[in-house]
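Residue numbering for the sequence shown follows the numbering used here, beginning at 41 and increasing consecutively. Since the structure comes first, as structure tokens, the remarks are kept for the end.
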Amino acid sequence: MAPVALASSPITPTVDFDRDGVQHGFLRLPYSRDDSAWGSVMIPLTVVRNGSGPTALLTGANHGDEYEGAVALFDLAQTLTADRVAGRVIIVPAMNYPAFQAGTRTSPIDKGNLNRSFPGRPDGTVTQKIADYFTRELLPLADLVMDIHSGGRTLDFVPFAAAHILPDKDQEARCFAAVAAFAAPYSMRMLEIDAVGMYDTTAEELGKTFVTTELGGGGTGRAETIAIAKRGVRNVLRHAGILTDGQAVDGRAADGRAEASRWLDMPSGDCFRFAEDSGLIEACVDLGQPVRAGDLLARIHPIGRTGLAPAEYRAALDGILAARHFPGLVKAGDCIAVVGTVES
Ligand SMILES: [Zn+2]
Numbered sequence: 041m042a043p044v045a046l047a048s049s050p051i052t053p054t055v056d057f058d059r060d061g062v063q064h065g066f067l068r069l070p071y072s073r074d075d076s077a078w079g080s081v082m083i084p085l086t087v088v089r090n091g092s093g094p095t096a097l098l099t100g101a102n103h104g105d106e107y108e109g110a111v112a113l114f115d116l117a118q119t120l121t122a123d124r125v126a127g128r129v130i131i132v133p134a135m136n137y138p139a140f141q142a143g144t145r146t147s148p149i150d151k152g153n154l155n156r157s158f159p160g161r162p163d164g165t166v167t168q169k170i171a172d173y174f175t176r177e178l179l180p181l182a183d184l185v186m187d188i189h190s191g192g193r194t195l196d197f198v199p200f201a202a203a204h205i206l207p208d209k210d211q212e213a214r215c216f217a218a219v220a221a222f223a224a225p226y227s228m229r230m231l232e233i234d235a236v237g238m239y240d241t242t243a244e245e246l247g248k249t250f251v252t253t254e255l256g257g258g259g260t261g262r263a264e265t266i267a268i269a270k271r272g273v274r275n276v277l278r279h280a281g282i283l284t285d286g287q288a289v290d291g292r293a294a295d296g297r298a299e300a301s302r303w304l305d306m307p308s309g310d311c312f313r314f315a316e317d318s319g320l321i322e323a324c325v326d327l328g329q330p331v332r333a334g335d336l337l338a339r340i341h342p343i344g345r346t347g348l349a350p351a352e353y354r355a356a357l358d359g360i361l362a363a364r365h366f367p368g369l370v371k372a373g374d375c376i377a378v379v380g381t382v383e384s
């Protein structure tokens, strides 16, 4: 039997993606509920177009508690003018808007984790409908896709831009060239724990040049990491020839020092350390510090009573501490540390 054709998306854009100039509007997603019978979720977006040319699709707050992307993209949307663009820039600063409004990773409406909801469904939950609209309407418009993540409330990262190892080596080279152009303090060959349902995977399977980031975390944005995001977004747009403001790709650190990005790799699942105990975490290494295989990364102290020895968690390989659990209390199963290997 032939597969049944998917229904069209219930989302209506209030902008015309083919019109030149700057348009600020919304993706309007019908959401009938107690306090608004014929109500909608209104996801803000900006389209800046100037003639024909490549299209960049820029997103933040795919997870609602990650702020560097949202700040950088609300700022870009407010300041970018069409005369500095060749082609088109589509900016969605807060992709999972209900989660962003709630300050939570997942949506308060349906508990949907947008980055595990792809390719989505037009007749599914609110989160699945957002994913479906990106899969079938926005991604096909794009040549370059940049999705800006941070650690959210439960992780903190050294600031890096990243791409994945891909079967299509030409596409992989395009992705890593864009990562290099982002010019974050670190650049990562990223391994995913669970790639099924990710926006990344969907964009990559459509052949797009895809860049993601992890730029800090802890449920807030810092001046340093926000500056990295603002600079990185513009750098990648210049690299793609879409931003034509006459400036070169900018490799300065937030404090103005010339800076070369350090390349990191995640060669295997040994990079990750997951808690097998619950309790109070004692960090033994800070982000960015070098570690050797066997070094103590963290201890977890039982908190039910005194007099018990803490559990020890050690690095499985040489590298730097690239990510850590953020809150002071951990549960069994939490990712407590990620070691990235340093490429020479
Ligand atoms: Zn995220």
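Glycine included, every Cβ here is placed at the ideal spot set by N, Cα and C.
Nearest-angstrom Cα separation, counted from residue j out to residue i
i, j, result
"Ala372", "Val44", "42 Å"
"Leu181", "Leu361", "37 Å"
"Tyr137", "Gly347", "46 Å"
"Tyr71", "Ala139", "15 Å"
"Gly380", "His204", "14 Å"
"Asp74", "Val166", "15 Å"
"Leu67", "Val81", "8 Å"
"Ala112", "Ala363", "22 Å"
"Ala218", "Asn90", "22 Å"
"Glu212", "Gln329", "29 Å"
"Arg156", "Cys375", "17 Å"
"Pro367", "Asp123", "45 Å"
"Glu177", "Gly143", "26 Å"
"Ala263", "Pro133", "18 Å"
"Val208", "Gly100", "As written in the sequence, residue 208 is Asp, which differs from the Val given in the question. Computed Cα separation, rounded: 26 Å."
"Phe314", "Ile340", "11 Å"
"Asp358", "Arg128", "43 Å"
"Val273", "Cys324", "33 Å"
"Phe114", "Ala351", "43 Å"
"Pro145", "Ala377", "Before going further, note that residue 145 is Arg rather than Pro in the sequence given. If you take the alpha carbons of Arg145 and Ala377, they lie about 19 Å apart."
"Leu154", "Phe197", "20 Å"
"Ala280", "Leu369", "43 Å"
"Asn275", "Asp183", "16 Å"
N-terminal and C-terminal residue of the beta strand (DSSP E) that residue i is part of
i, result
"Gln141", "Here Gln141 belongs to no beta strand (DSSP E); instead the alpha helix (DSSP H) covers Tyr137 to Ala142."
"Phe174", "Element bounds for Phe174: n/a, residue is neither H nor E."
"Glu254", "Thr249 to Glu254"
"Phe114", "First-last for Phe114: Glu108 to Thr119, but that is the alpha helix (DSSP H), not the beta strand (DSSP E)."
"Val185", "Leu184 to His189"
"Ala122", "Where Ala122 is concerned, there is no enclosing beta strand (DSSP E), given that its DSSP letter is neither H nor E."
"Gly100", "Thr95 to Gly100"
Beta-ladder partner(s) of residue i, from DSSP
i, result
"Glu322", "Arg339"
"Tyr353", "Ala338"
"Asn90", "Gly127"
"Ser76", "Arg73"
"Cys375", "Phe314"
"Asp196", "Arg364"
"Ser227", "Ala201 and Trp303"
"Thr83", "Correcting the residue type first, residue 83 is Ile in the shown sequence and not Thr. Bridge partners of Ile83: Leu67."
"Val382", "Leu304"
"Leu283", "Val125"
"Gly61", "Arg89"
"Thr52", "Arg68"
"Gly359", "Val331"
"Leu369", "Leu320"
Extent of the continuous alpha helix (DSSP H) to which residue i belongs
i, result
"Asn275", "Ala263 to His279"
"Gln211", "Lys209 to Phe222"
"Asp240", "Tyr239 to Glu245"
Inter-residue CB distance, residue i and residue j (contact presumed, cutoff 8 Å)
i, j, result
"Gly65", "Pro50", "No, Gly65 and Pro50 are not in contact; Cβ-Cβ is about 17 Å, not under 8 Å."
"Pro225", "Pro199", "5 Å"
"Asp305", "Glu383", "6 Å"
"Glu254", "Gly191", "6 Å"
"Arg335", "Arg354", "Looking at the sequence provided, one finds Asp at residue 335 rather than Arg. Rounded, the Cβ-Cβ distance is 6 Å, consistent with contact."
"Ala269", "Met230", "Wrong, their Cβ atoms sit about 17 Å apart, outside the cutoff."
"Phe158", "Tyr107", "The Cβ separation is near 22 Å, so there is no contact."
"Ile130", "Val87", "5 Å"
heavy atom of ligand 3 below 7 Å from residue i C-beta
i, result
"Gly256", "Within the structure as shown, ligand 3 is missing, the only ligands being ligand 1."
Contact with chain C by residue i, beta-carbon distance below 8 Å
i, result
"Tyr107", "Among the chains in the structure shown there is no chain C, since it carries only a single protein chain."
Item checked: Residues surrounding ligand 1 [beta-carbon distance to nearest heavy atom under 7 Å] -> Ordered by chain, the residues meeting the criterion of a beta-carbon within less than 7 Å of a non-hydrogen atom of ligand 1 are Asn102, His103, Glu106, Asn155, His189, Ser190 and Gly192.
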